[in-house]
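Asks: My structure is below; once you've seen it, I'll send some questions.
Residue numbers (this note's numbering): 7 to 460.
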């Protein structure tokens, strides 16, 4: 294809995509069977042969760790010699990050062609107004399914976007389900209690499909057990099949043991943090349960896969102008606690400068309650999204904080301020949302830093 026509194709396709409502960045996120209608997703996919019916999907939902767990599953299966698609959200720098095969992102031209191939399906949905309007997330999900099928992947690892019951990924017909830890998030949408939140996630458990269950709070575990009993499927709580023990941790590397069906001593991971051991255990248990499909995956492939698994925006450590910068998408109380635990292990005694900006639908008070314990300074900022929390809301959540509080309305201004005012011996942590994390990585890339995404 001619270079100019390729550019036009890409531009036209991306402009077409941006016309769809992107609830990830919108002020409100409707969550019901009409606003998030699986029938319209199926109709859209029927225009390209209903790839959701043929993909061997590993479907993953949860509040924390689903991106990391998804990446580990893909990486292990890739190391075992399989061709594996991975679909995650949101993206940090560009939408292509959401769709990868092994370690390669979908290219601009491939993404554009897939979008254009789905235009007939888009038109079919428009002719059925009773199905509601397609969203940005639904179209990108359909692109991923179509692309994975066209590229003949052996397996597709699919991370839900929001909840599970009504999520566009839930049109898949999985061979295995994984439920990562449940905590309070999107409470105005999914429910105010852990049981309500867990129920929305539990609806990805399908008849005849086994499910790996990560370490869960009691209410969530009971919901998953009830769902499994109702549809007569077996669930596999990870702590009953594997135990984990940390050996050592340093910036960029964690060494730990995993014991159960396999005896894996001195596993090395570049995804650091105590919670990552649990995610790894879930990924390994998932691969064990897939033996009927994939055969026996060697311990060597497990080791290689765990070491190869990296994901942007998850305790991502960057050196810049003599400073250590951590970019992490933590956005609720539990993920903030995990972030602080990891910082305490890796950087004891460091002066901690935080740039934090959350979405208004998050547990802002709970999030900042974790940061306040160790932070020396918190610079509150706002990502370029409609749902960004207000300055007043974040300052109110910081009441009683003994350190310095600064407000900078944009990430760029916050970065300039912290670099100008902090010494080289401190740590700069950018957190609160994947949107703010993405803006931080974008800014660092503009400064000439090589950025790893996805």
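C-beta atoms are modelled at their ideal positions from N, C-alpha and C, and glycine is treated no differently.
Taking the alpha carbon of residue 67 as the point to measure from, which residue in 283, 459, 228, 183 has its own alpha carbon closest?
Replies: 183
Asks: Is residue 424 closer than 8 angstroms to residue 332 when the C-beta atoms are compared?
Replies: No Cβ-Cβ contact shorter than 8 angstroms links residue 332 with residue 424.
Asks: What's the call for residue 461, buried or exposed, on a 16-neighbour Cβ count within 10 Å?
Replies: Residue 461 is absent from the structure shown; the chain starts at 7 and stops at 460.
Asks: Do residue 69 and residue 165 count as a contact pair if the criterion is CB distance below 8 angstroms?
Replies: Remark: C-beta atoms of residue 165 and residue 69 do not approach each other more closely than 8 angstroms.
Asks: Mind pulling the beta strand (DSSP E) runs of 3 or more residues that sit fully within the stretch 247-310?
Replies: 248-256, 259-266, 269-275
Asks: Do residue 370 and residue 395 count as a contact pair if the criterion is CB distance below 8 angstroms?
Replies: yes
Asks: For residue 315 versus residue 81, is the C-beta distance shorter than 8 angstroms?
Replies: yes
Asks: Rounded to whole angstroms, what's the CA-CA distance from residue 307 to residue 33? Just pull it up for me.
Replies: 44 angstroms
Asks: Which word fits residue 254, buried or exposed, when buried means at least 16 other C-beta atoms lie within 10 angstroms of its C-beta?
Replies: exposed
Asks: Drop a sphere of 10 angstroms on the beta-carbon of residue 238, count the other beta-carbons inside from all chains shown, and report buried for 16 or more, exposed for fewer.
Replies: exposed
Asks: Mind checking whether residue 108 and residue 79 have CB atoms under 8 angstroms apart?
Replies: no
Asks: With a threshold of 8 angstroms, are at least 3 pairs of Cβ atoms found where one atom belongs to the stretch 201-209 and the other to the stretch 228-243?
Replies: With the cut-off at 8 angstroms, the stretch 201-209 and the stretch 228-243 touch.
Asks: Contact between the stretch 382-394 and the stretch 15-25 is defined here as three or more beta-carbon pairs at a separation below 8 angstroms; is this criterion met?
Replies: no
Asks: Which word fits residue 173, buried or exposed, when buried means at least 16 other C-beta atoms lie within 10 angstroms of its C-beta?
Replies: Label assigned to residue 173: buried.
Asks: Below 8 angstroms on the Cβ atoms is my guess for residue 320 versus residue 305; work out the distance and round it to an integer in Å.
Replies: With a Cβ gap of about 25 angstroms, residue 320 and residue 305 do not count as contacting.
Asks: When you compare only the Cα positions, how much space is there between residue 260 and residue 293?
Replies: 21 angstroms
Asks: Quick check: residue 131 and residue 51, are their CB atoms within less than 8 angstroms of each other?
Replies: no
Asks: Would you say residue 59 and residue 162 are within 8 angstroms of each other, going by their C-beta atoms?
Replies: no
Asks: With 16 as the cutoff for other CB atoms within 10 Å, does residue 419 come out buried or exposed?
Replies: exposed
Asks: Provide the residue(s) that pair with residue 322 in DSSP beta bridges, ordered along the chain.
Replies: In the DSSP assignment, residue 322 is bridged to 333.
Asks: May I ask which residues mark the beginning and end of the alpha helix (DSSP H) holding residue 448?
Replies: 440-452
Asks: Taking the alpha carbon of residue 401 as the reference point, which residue from 262, 366, 302 has its own alpha carbon closest?
Replies: 366
Asks: Suppose only complete runs of 3+ residues qualify. What are the beta strand (DSSP E) ranges in the stretch 170-248, listed by chain order?
Replies: 180-185, 217-219, 241-243
Asks: Look at residue 433 and residue 358 and say whether their C-beta atoms are less than 8 angstroms apart.
Replies: yes
Asks: Take residue 324 as the anchor and find which of 139, 73, 458 has the nearest alpha-carbon.
Replies: 458
Asks: Tell me the DSSP bridge mates of residue 111?
Replies: 106
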